[in-house]
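Asker: Quick one: structure below, then a few questions.
Here is the structure:
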């Protein structure tokens, strides 16, 4: 248990975990009625976190089944007692798993804290907490990145944790003592493949990675000659700055599934596990197995909604609508993400959009009027969106780039007179047409009322408002 109430004493013990796998042990009175904001003051005092960093971190309840960021008014003790109810509401886990699941209270980065403010922080303790969390997400593959990127981050970790004055032999010994997986992502350090291929190749692969890591460490340490500081705070800033180049840095993550494209003569598809990252920057859908981005969208590039199951056996769905292309023609695309956390994801997107809108209005110094040097807060033109997407597509070898072509989406064009729908169930190059009061479902043109359940409200509203 993370919260241990005493039947004899009003004081209660509490363990608050950190990303570094350490924990803060507190003994507090009145814990049962203490909200997250009040509890935060006790944790900051225990960790010597200055008041200037009050908004950087917040509390999370995390378990193998669900991660939730707490609001300042939430009562952690009460929420812990309601955990099973939350699991039944937001997960598909069986009753046996739910009964055994127990959350940990973590003190982690606030998803609503702007990344631009992080590099203004000069307190080493705060920076190390941010570093520990960023490193954990890199090592666990939550933040997909290219080999040259995670190698640089691994070398910076060596410099931060082992020091900058080690020779090659001492560094090799230190790396082997802590293991490569302490510095490089697990999928890279441990590799893939079967048992026999692992036995044959792991030794040689590890030796090569060690040498590459040592070489990059030398590059990091030699940067002092070019004016870069090797002081701890400077190295922590460099690590975080490098992580900031990943668009999904600081995201809250949710598990879900998407449809696989139909393959073979029988057009069998199935579903693929994905991780959905949401932050103040946008929404990112990532392939859990392959560790790369499938779709990345800023809020100005998408519309969204969620739908509840209409009948037994249906799924909760988060719908993402964005601009795309089919045969060189602009179309609207809909991606379905199956997840019982769809309601949570939709609510978080809405709140992030509201926060950005308030921040942008305040930055203009007007009632929302945008100056020419600022980007518009509304949806950009199709032409600009396509130009940016085409630029990203040129770097398809990068795990950070979207792979829209690999998604099973619903594509449609609305010319005001008829709806041209190109779904995954269509044969390549075949387009289906139907009147605006009808829709295509399972290759049949049916009345809109019968299809009403199959598409999200954002799509229905567009059809009904024409």
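Numbering (the UniProt record's numbering), first residue to last: 1 to 466. Even glycine gets a Cβ: it sits at the ideal position worked out from N, Cα and C.
1) List in chain order: all unbroken alpha helix (DSSP H) runs of 4+ residues lying wholly within the segment 171-259.
2) Quick one: residues in its chain with C-beta nearer than 8 Å to the C-beta of residue 337, no 5 flanking neighbours on either side, listed in chain order?
3) Rounded to the nearest angstrom, how far is the Cβ of residue 111 from that of residue 357, given a contact under 8 Å?
4) Using DSSP with H/G/I as helix, E/B as strand and the rest coil, what is residue 95?
5) For the alpha helix (DSSP H) that residue 88 lies in, which residues bound it at each end?
6) For residue 298, which of helix, strand or coil comes out of DSSP?
7) Can you say whether residue 327 is buried or exposed, counting buried as having 16 or more other CB atoms within 10 angstroms of its CB?
8) Could you check how far apart the C-beta atoms of residue 36 and residue 59 are, in whole angstroms? I think they sit under 8 Å.
9) In this structure, how does DSSP classify residue 330 when only helix, strand and coil are distinguished?
10) Is the separation between the beta-carbon of residue 145 and that of residue 213 shorter than 8 Å?
11) Can you tell me whether residue 108 is buried or exposed, with buried defined as 16 or more other CB within 10 angstroms of its CB?
12) What separation, rounded to the nearest whole angstrom, lies between the Cα atoms of residue 408 and residue 26?
13) Sort 125, 39, 305 by Cα distance to residue 52 and report the nearest one.
14) Whose CA, out of 98, 94, 73, 403, lies closest to the CA of residue 83?
15) In the DSSP assignment, find the unbroken beta strand (DSSP E) run with residue 23 in it and report its ends.
16) Please return the same chain residues whose Cβ sits closer than 7 Å to the Cβ of residue 302, not counting the five positions on each side in sequence.
17) Just reading off the beta strand (DSSP E) that residue 62 is part of, what are its end residues?
18) Would you call residue 78 buried or exposed, if buried means 16 or more other Cβ atoms sit within 10 Å of its Cβ?
19) Taking only three categories from DSSP, how would you classify residue 262?
20) According to DSSP, which residues form a beta bridge with residue 282?
21) I need the straight-line Cα distance from residue 102 to residue 291, nearest angstrom please.
22) To the nearest angstrom, how far is it from the Cα of residue 234 to the Cα of residue 250?
23) Given a threshold of 16 other Cβ atoms within 10 Å of its Cβ, counted over all protein chains shown, does residue 105 qualify as buried or as exposed?
24) Classify residue 406 as helix, strand or coil using the three-state DSSP reduction.
25) Three Cβ pairs or more, each shorter than 8 Å: is that satisfied between the segment 113-122 and the segment 31-48?
26) Put residue 19 into one of helix, strand or coil per three-state DSSP.
27) Which residue from 50, 75, 92 puts its Cα closest to that of residue 66?
28) Out of 228, 173, 241, 237, point me to the one whose CA is closest to residue 210's CA.
29) Give me, in chain order, the residues of the same chain whose beta-carbon lies closer than 8 Å to that of residue 406; leave out the 5 immediate sequence neighbours on both sides.
30) Tell me the DSSP bridge mates of residue 275?
31) Going by beta carbon distance, what residues of the same chain come within less than 8 Å of residue 483, once the five residues before and after it are set aside?
32) From what residue to what residue does the beta strand (DSSP E) around residue 69 run?
33) By DSSP's criteria, residue 100 is part of a beta bridge. Which residues make up the other side?
34) Is DSSP giving residue 353 helix, strand or coil here?
35) In the DSSP assignment, what are the bridge partners of residue 11?
Answerer: Here's the rundown:
1) 186-189, 195-222, 232-244
2) 256, 257, 258, 274, 276, 285, 317, 318, 319, 320, 345
3) Going by Cβ atoms, the distance from residue 111 to residue 357 rounds to 17 Å, so no, they are not a contact pair.
4) helix
5) 83-90
6) strand
7) exposed
8) 5 Å
9) strand
10) no
11) buried
12) 49 Å
13) 125
14) 98
15) 23-29
16) 283, 320, 321, 322
17) 57-62
18) exposed
19) coil
20) 298
21) 27 Å
22) 20 Å
23) buried
24) helix
25) no
26) coil
27) 92
28) 173
29) 261, 294
30) 255, 286
31) With the chain represented from 1 up to 466, any question about residue 483 goes unanswered, as that position is not in the structure.
32) 67-69
33) In DSSP, residue 100 forms no bridge with anything.
34) helix
35) 29
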